[in-house]
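S.K.:
Protein chains: 2
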Amino acid sequence: MDNLFINPGKEQWNLLTKRPAFNYAALEDIVMPILLDVKENGDQAVKKYITKFDHASLDILLVSPQEVEDGTALVDEKLKAAIQLAKNNIQLFHESQQQDIHKITTSPGVLCWRKSVGIQNVGLYIPGGSAPLFSTLLMLGIPARIAGCSNIIVCTPSNAEGKINPVILYTAQLLGITNIFKVGGVQAIAAMAYGTQSIPAVSKIFGPGNQYVTAGKQLVNREGVAIDMPAGPSELAVYADDTCIPAFVAADLLSQAEHGADSQVVLVATTSNIIDEVKAQIRLQLQSLPRKDTAIAALINSRFIVMEDIDTAFDFLNEYAAEHLIIASDNAQLLSDKVINAGSVFLGNYSPESAGDYASGTNHTLPTNGYAKAYSGVSVDSFVKKITFQELSEQGLKNIGPSVELMAEAEGLQAHKNAVTLRINSLNP
Amino acid sequence: MDNLFINPGKEQWNLLTKRPAFNYAALEDIVMPILLDVKENGDQAVKKYITKFDHASLDILLVSPQEVEDGTALVDEKLKAAIQLAKNNIQLFHESQQQDIHKITTSPGVLCWRKSVGIQNVGLYIPGGSAPLFSTLLMLGIPARIAGCSNIIVCTPSNAEGKINPVILYTAQLLGITNIFKVGGVQAIAAMAYGTQSIPAVSKIFGPGNQYVTAGKQLVNREGVAIDMPAGPSELAVYADDTCIPAFVAADLLSQAEHGADSQVVLVATTSNIIDEVKAQIRLQLQSLPRKDTAIAALINSRFIVMEDIDTAFDFLNEYAAEHLIIASDNAQLLSDKVINAGSVFLGNYSPESAGDYASGTNHTLPTNGYAKAYSGVSVDSFVKKITFQELSEQGLKNIGPSVELMAEAEGLQAHKNAVTLRINSLNP
Chain C
30 MDNLFINPGK EQWNLLTKRP AFNYAALEDI VMPILLDVKE NGDQAVKKYI
80 TKFDHASLDI LLVSPQEVED GTALVDEKLK AAIQLAKNNI QLFHESQQQD
130 IHKITTSPGV LCWRKSVGIQ NVGLYIPGGS APLFSTLLML GIPARIAGCS
180 NIIVCTPSNA EGKINPVILY TAQLLGITNI FKVGGVQAIA AMAYGTQSIP
230 AVSKIFGPGN QYVTAGKQLV NREGVAIDMP AGPSELAVYA DDTCIPAFVA
280 ADLLSQAEHG ADSQVVLVAT TSNIIDEVKA QIRLQLQSLP RKDTAIAALI
330 NSRFIVMEDI DTAFDFLNEY AAEHLIIASD NAQLLSDKVI NAGSVFLGNY
380 SPESAGDYAS GTNHTLPTNG YAKAYSGVSV DSFVKKITFQ ELSEQGLKNI
430 GPSVELMAEA EGLQAHKNAV TLRINSLNP
Chain V
30 MDNLFINPGK EQWNLLTKRP AFNYAALEDI VMPILLDVKE NGDQAVKKYI
80 TKFDHASLDI LLVSPQEVED GTALVDEKLK AAIQLAKNNI QLFHESQQQD
130 IHKITTSPGV LCWRKSVGIQ NVGLYIPGGS APLFSTLLML GIPARIAGCS
180 NIIVCTPSNA EGKINPVILY TAQLLGITNI FKVGGVQAIA AMAYGTQSIP
230 AVSKIFGPGN QYVTAGKQLV NREGVAIDMP AGPSELAVYA DDTCIPAFVA
280 ADLLSQAEHG ADSQVVLVAT TSNIIDEVKA QIRLQLQSLP RKDTAIAALI
330 NSRFIVMEDI DTAFDFLNEY AAEHLIIASD NAQLLSDKVI NAGSVFLGNY
380 SPESAGDYAS GTNHTLPTNG YAKAYSGVSV DSFVKKITFQ ELSEQGLKNI
430 GPSVELMAEA EGLQAHKNAV TLRINSLNP
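Heads up: the protein sequence lines correspond to chains C and V, in order. Counting from 1 along the first sequence, just add 29 to a position and that's the residue number in our numbering. Counting from 1 along the second sequence, just add 29 to a position and that's the residue number in our numbering.
This is the structure:
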C-alpha cells in the first residue's frame, strides 16, 4: 500500500483518477444466452438456472406469507429496532424529495405544469451471496413506495434450501412489499425485463449485483428497459486536513476497502504527516478485521495523495468524482462548496460513510466509476416520470400562436403551422 | 389509412401499442468504425467524415464570432421576435424546475440535504439536414444554462459551403452559447464523447438525430458517456370525444405525420362518427401540405381506435405511453387525471402539439417508443446531478450510531461498524 503521490501534476491526474477497466462486452457471451433462454422459456428456464447457480430446487418462486412470517420471527428485536430507525430517517429524507405541482402561466392564457407520477412496475434486485443486503432493500423500497409505484417486485436469491435471509423478509414486510421472488443472478434480471409465468415484467430495474448482473442490466437496458444507473465497484475518497482524526479516516478507508478487492480508496491530504498517521492506523485496525484479506487487496489499488493547495485538492477530487466523499475537517461546511462532482458527501469528523450506508437518511445507491460527473444517486426522482401538461385558452393560443406559426414555417413544418392557423382562424371569423 | 379498430379487446393491445421494431445492432457495423476512427485520429478523422457525408471541406470546425454576427444579421426580425417569445416562455417554465436546498434533520444532530449542481461539460447535438432545428437548440440550451452547466458545446452540420443555418446561429447567440462546431452525424457524437484537438469531450450528450446518430449515442453511452434518453420516431396520440373539433384533431395528427414516414399517429375516439369526421378533415387538409408524401406514408402506420368506455380508452393510452398526448375534449382537465404514462399532455381544443413543440414553455425533447413508462422528458433535472450531503454532530452520531453498528454487523461488514464504534468510544471515554 505504498501508492503515495506528493503534489502530483495535472499530467498525472488522468492516471490517478482512473478506475480499473472492466470489459462487460466479454461477459455478453455468458449473459446473453441466459437472457434469451428466460425470454423464451420463462419460469422453466429461471428454475433451471436457479438449480445450476444457487443449487436450489424450487417449485414456487414467490415467497409465501407464511415464509415471511416465519422469517420475521427469527430476526432479533434489537436489529428490528435499528432497521426501523433507519427506515424512519430514510423515509423523512426521501419524502422531502417529493415535488408539488406548480402551475406556471408562461404567457397570458398559457398554463404549463409538471406532475410526478410513479413508474407503475419496478423491480428491485437484492443480492444474496456473502451478505444479505437488507439495507439496499430499504434504500430502494422506501423511495419506490413514496413515489407511488403501484407494483413493486423484489428478486433475491435463496440459499440451497430455498430459503431467503430472514432480515430481508422482515425488511420487505416492514415496507409492505409482498411480491418477493426467490431468484438472483442474470435469470432474475431477465425475468424482470421480459416477465415469466410467475414474475411480472417491469419498466425499470434497480439494484446492485455482481458483474453478470451488471452486464445483464446493461443488455436489457439496450432493449428499452430502464435501469437505475450504470454500475462499477464501490469507491470512497477522503479529503483530510490537520483537523482530521487519523484513526477515523483509517476506519472509513477500511470500511470501503472491505467491500471487495476491487473497491477504490483514495485519500487526499494536505500534508504527508496526515498520510503517515492514517497509514499507521490502518495497519493497526486491519489486524482485527474479519474481511482483512479483502481489505488488503483493495488497499493495493488505493491512492494516497498529498495536495498542499486546497483548491488543487478539490479540483482533483472533482476530476475523480467519487461515489462517496468524506471531508474530514472542522472546516467541512465551507469546503463542501467546492464539491462539483460526487455521489454523496460526508461533512466533518463525525459523519462516517457507514452512517449514510445505513441509517442517516440519504440513499446509498450512488454513481461509481466517475459517473458522478453526470449521474445522481437513487432518489424519489428515480421512481417517477415527470409528465408535463399544458392548457391554452383561446386567448392563450392567440397570444403565442403567431410565434409558433413563424417558427414552424422557418423549420419547414407547414402542418405544424396549420394546427395553429386553423384554430386562430376559427376564433377570428 | 384504414387502420380502424372498434373496441379492440385487450388481447389486441399488444399489437396496437407496438412501435416499428428497429434494429440498431445492425447499424453498429457502420457506426463503430467511425467512433473508433475519431477516438484515435481526432479532428483529422472528423474532417474526413465531414467531407464524405456533408461534402464540406473545413479547416476550422469552431464557428467564428464573425460568422455568428453575419448569420444573425440575416434572420428576419419577426422570426427573431417569435424566438424571443418562445425563449421567455421556455425559460419561465424551466426556471420553475430549479430546486432549493432543504436541509432535513432526520434524527437529532443528523442533517441531510441535496444540492443540484450543473453537469460541467454538456454537448448539444442539433441536426441539420432537411430542417434547421433551432427550436431544439432552445429546448436544450435553455435548461443547460439554468442548470449552470459551465461548458456547453453545440455540434451541428454545415452545408456544403461550410455554413451553418443563420437561425441556429442567432438562437445560439441569444442563449449566450459560443462554442458551436460545424460537425454532424456520428462523427459529432464521437467528437463529443472522446474529445478531439478542437472539440472538448463532454459528460453528457443531448439531442435528436437520424438512426446513425441514435446508434452512436447508444454506443458511447455503453462506454459511460451519459445521454438524454433512448430515441425512437416521434409520436402523437389523441383522445377525442364528442366535444372535440374534428378539423383541429386532423390538423394535429397531420402535424405529427409530416415529421417522417416512421412517425406514429394514434387516434382514440369515443365514437366511430368522430373518426369519420377526422378522416374527412385529414383528406381535405392533406391536399395543401408541402410534406404530403411523408404524411401519407406515416398515416399508413396510423391507428384509429374507437373505445366507447372512457376508462378503457385511458387504460389503452397508458399502455401505449405516447410521447405526445392531446386530450381533445372540453372535459380535458378531469380526464388528465387518468394519465399515468405520457411524455407531454395537451389539454383541450386550443392546445395543439405545435404549441409545446415551439413556444408554450414545456420541453419538446420527450420519451418515445413507450419509454414514457419509465422516462421523463428533458428538463433542468437532465442537466444537473443532485448530490446528497450529510453532517452529523457528535450527538447525532451517538443517536444513530448503535443502529448503524447493528445493521453493519448483520450484513457482515465489521469495518463499517468499526468506523462508528471508534468514534463513539472516543466520545465516551
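We treat Cβ as the ideally placed atom computed from N, Cα and C, and that holds for glycine.
Can you name the start and end residues of the alpha helix (DSSP H) that Phe-345 of chain V belongs to?
M.R.: That run of the alpha helix (DSSP H) goes 339-349.
S.K.: I'd like to know if Leu-328 of chain C contacts chain V, where contact means its C-beta is closer than 8 Å to some C-beta of that chain.
M.R.: Judged by the 8 Å Cβ criterion, Leu-328 of chain C is not in contact with chain V.
S.K.: Can you find a CB in chain C that lies within less than 8 Å of the CB of Ile-175 of chain V?
M.R.: No, Ile-175 of chain V lies away from the interface with chain C (no Cβ there is under 8 Å from its Cβ).
S.K.: Under three-state DSSP, which class holds Phe-163 of chain V?
M.R.: In this structure, Phe-163 of chain V counts as helix in the three-state DSSP scheme.
S.K.: Report back the beta-carbon spacing between Phe-412 of chain V and Ile-148 of chain V to the nearest angstrom; my notes put them in contact at under 8 Å.
M.R.: The Cβ separation is near 6 Å, so the contact holds.
S.K.: Just reading off the beta strand (DSSP E) that His-353 of chain C is part of, what are its end residues?
M.R.: Unbroken beta strand (DSSP E) run through His-353 of chain C: 353-357.
S.K.: Counting contacts by CB-CB distance shorter than 8 Å, is Ala-403 of chain C in contact with chain V?
M.R.: Yes, Ala-403 of chain C counts as interfacial toward chain V.
S.K.: Along the region 378-394 of chain V, what residues have a CB closer than 9 Å to any CB found in chain C?
M.R.: Cβ contacts with chain C come from Asn-378, Tyr-379, Ser-380, Pro-381, Glu-382, Ser-383, Ala-384, Gly-385, Asp-386, Tyr-387, Ala-388, Ser-389, Gly-390, Thr-391, Asn-392.
S.K.: Alpha carbon to alpha carbon, how far is Asp-366 of chain V from Met-30 of chain V? Give it in angstroms, no decimals.
M.R.: Note that Met-30 of chain V scores 47 on pLDDT, short of 50, meaning its location in the model is unreliable and no value can be drawn from it.
S.K.: On the DSSP letters alone, give me the boundaries of the alpha helix (DSSP H) that Tyr-199 of chain V sits inside.
M.R.: Start and end: 195-204.
S.K.: Would you mind working out which of V:Asn-360, V:Thr-323, V:Gly-441 sits nearest Ala-444 of chain C, comparing C-alpha positions?
M.R.: Nearest of V:Asn-360, V:Thr-323, V:Gly-441 to Ala-444 of chain C, Cα basis: V:Thr-323.
S.K.: Looking at the strands, I want to know which residues DSSP matches up with Leu-265 of chain V.
M.R.: Paired residues: V:Val-294, V:His-353.
S.K.: So, using beta-carbon positions, are Gln-293 of chain V and Gly-385 of chain C closer together than 8 Å?
M.R.: Not closer than 8 Å, so no.
S.K.: Answer yes if the region 328-335 of chain C comes into contact with the region 352-367 of chain C, meaning at least three C-beta pairs across the two stretches below 8 Å, and no otherwise.
M.R.: Cβ pair count under 8 Å is below three, so no.
S.K.: Helix or strand or just coil, what does DSSP make of Tyr-400 of chain V?
M.R.: Reduced to three states, the DSSP call for Tyr-400 of chain V is helix.
S.K.: Hey, quick one: how far does the beta strand (DSSP E) through Tyr-241 of chain V stretch, first residue to last?
M.R.: From DSSP, Tyr-241 of chain V is part of no beta strand (DSSP E) but of the alpha helix (DSSP H) over 240-251.
S.K.: Determine the chain V residues that contact Pro-262 of chain C at a beta-carbon separation under 7 Å, and present them in chain order.
M.R.: Going along chain V, no residue has its Cβ under 7 Å from Pro-262 of chain C, so there is no contact; the nearest lies around 14 Å.
S.K.: Would Ala-50 of chain V be called buried (16 or more neighbouring beta carbons within 10 Å of its own) or exposed?
M.R.: So Ala-50 of chain V ends up on the exposed side.
S.K.: DSSP state of Ala-255 of chain C, grouped into three classes?
M.R.: Three-state result, Ala-255 of chain C: strand.
S.K.: Given Ala-255 of chain C, which residues of its chain have a CB within under 7 Å of its CB, disregarding the five upstream and five downstream residues?
M.R.: Ser-232, Lys-233, listed in sequence order.
S.K.: With H, G and I counted as helix, E and B as strand and the rest as coil, what does DSSP make of Gln-443 of chain V?
M.R.: The answer is helix: DSSP assigns Gln-443 of chain V an H, G or I state.
S.K.: With a threshold of 16 other CB atoms inside 10 Å of the CB of Ala-471 of chain V, please say whether the residue is buried or exposed.
M.R.: Because chain V in this structure spans residues 30 to 458, residue 471 of chain V falls outside the shown range and cannot be described.
S.K.: Is it true that the region 235-253 of chain C meets the region 337-346 of chain C, where meeting means three or more beta-carbon pairs spaced less than 8 Å apart?
M.R.: Too few Cβ pairs lie closer than 8 Å, so no.
S.K.: Would DSSP call Ile-79 of chain C helix, strand or coil?
M.R.: Ile-79 of chain C falls in the helix class under three-state DSSP.
S.K.: Say whether chain C places a C-beta atom closer than 8 Å to the C-beta of Asn-180 of chain V.
M.R.: Not one chain C Cβ lies under 8 Å of Asn-180 of chain V.
S.K.: Quick one: list the residues of chain V neighbouring Pro-259 of chain C, beta-carbon separation under 8 Å, in chain order.
M.R.: Gly-253, listed in chain order.
S.K.: Straight-line CA distance for Pro-94 of chain V to Gly-213 of chain C?
M.R.: The straight-line gap from Cα to Cα measures roughly 57 Å.
S.K.: Whole angstroms are fine: how far does the CA of His-84 of chain V sit from the CA of Leu-162 of chain C?
M.R.: Whole-angstrom Cα-Cα distance: 57 Å.
S.K.: Is it buried or exposed, Ile-89 of chain C, if we count other Cβ atoms within 10 angstroms and call 16 or more buried?
M.R.: Exposed, by the Cβ-count rule.
S.K.: Please state if the CB of Val-104 of chain C and the CB of Pro-195 of chain C are separated by a distance shorter than 8 Å.
M.R.: Closer than 8 Å, so yes.
S.K.: I need the straight-line Cα distance from Glu-69 of chain V to Ala-219 of chain V, nearest angstrom please.
M.R.: Roughly 10 Å between the two C-alpha positions.
S.K.: From the DSSP output, in three-state form, read off Gly-147 of chain C for me.
M.R.: Gly-147 of chain C falls in the strand class under three-state DSSP.
S.K.: Measure the C-alpha to C-alpha separation of Ser-383 of chain C and Gly-441 of chain C and round it to an integer number of angstroms.
M.R.: One C-alpha to the other measures close to 57 Å.
S.K.: Any beta carbon of chain V sitting closer than 8 Å to that of Met-30 of chain C?
M.R.: Any answer about Met-30 of chain C is weak, because its pLDDT of 47 lies below 50 and its placement is not dependable; what the coordinates show is given next. No, Met-30 of chain C lies away from the interface with chain V (no Cβ there is under 8 Å from its Cβ).
S.K.: Report buried or exposed for Lys-76 of chain C, applying the criterion of at least 16 other Cβ atoms within 10 angstroms of its Cβ.
M.R.: Its Cβ being crowded by 16 or more others within 10 Å, Lys-76 of chain C is buried.
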